[in-house]
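*Asks:* Structure incoming, see below.
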Amino acid sequence: MSLPVIDAVVRADRPFAIQGYGKTYEMTEAEFNAAMRAADALSEGARSLTTGEAAKLLGVSAKTVARLIDAGRLPSRRLSDTGHRMVEYRDVVAYKERRTRRGRLLEDARALASDMGAYGDTGAGEASGERG
């Protein structure tokens, strides 16, 4: 795609533009939307997160994220200047998807076991404090 370079003032009839390398590129709305989707896709995959940001995304504490890293369940890298650990956005999303999938499988297994009578009433009276 060849985009025309324009002055910094964007025309009202073509209000979509992207700036880079000191130039402004005029484009159609469709071209602009495609560029934004491409930029989002690139930044999502390569974006680094702090353990706190990863924790918010996963709905857990930063300490839990640190434990996941220490256990080798979530890849990370250390910043050389601060020593802080960073994780990649795509790795956090992949972990979250695995966790969600495992949860669904566990729910299915519990439902199957219940349907097969694995959680019967045998001994329930004793456990609840009833005596005969």
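Residues 1 to 132 (UniProt numbering) are what the sequence shown spells out, left to right. Ideal Cβ placement from N, Cα and C applies to all residues, glycine included.
1. With H, G and I counted as helix, E and B as strand and the rest as coil, what does DSSP make of Ala89?
2. Specify the secondary structure class of Arg99 as computed by DSSP and reduced to three states.
3. Under 8 Å by Cβ, that's how I've got Val65 and Leu74 pegged, so tell me the actual separation to the nearest angstrom.
4. Chain C beta carbons: is any one of them nearer than 8 Å to that of Tyr25?
5. Since I believe Met86 is in contact with Thr50 (beta carbons under 8 Å), could you give me their beta-carbon distance rounded to a whole number of angstroms?
6. Quick one: give me the first and last residue of the beta strand (DSSP E) that Gly20 is part of.
7. Thinking just about the alpha-carbon of each residue, which of Ile69, Tyr89, Asp81, Ala38 is nearest to the one in Leu57?
8. If you draw a straight line from the C-alpha of Glu26 to the C-alpha of Ala38, how long is it?
*Replies:* With the given structure in hand:
1. The question names Ala, but residue 89 is Tyr in the sequence shown. Helix.
2. helix
3. 7 Å
4. No chain C is present in this structure, which holds just one protein chain.
5. The pair is a contact, with the Cβ atoms about 6 Å apart (cut-off 8 Å).
6. From DSSP, the beta strand (DSSP E) with Gly20 extends over 16–20.
7. Tyr89
8. If I take the Cα positions, the gap works out to 17 Å.
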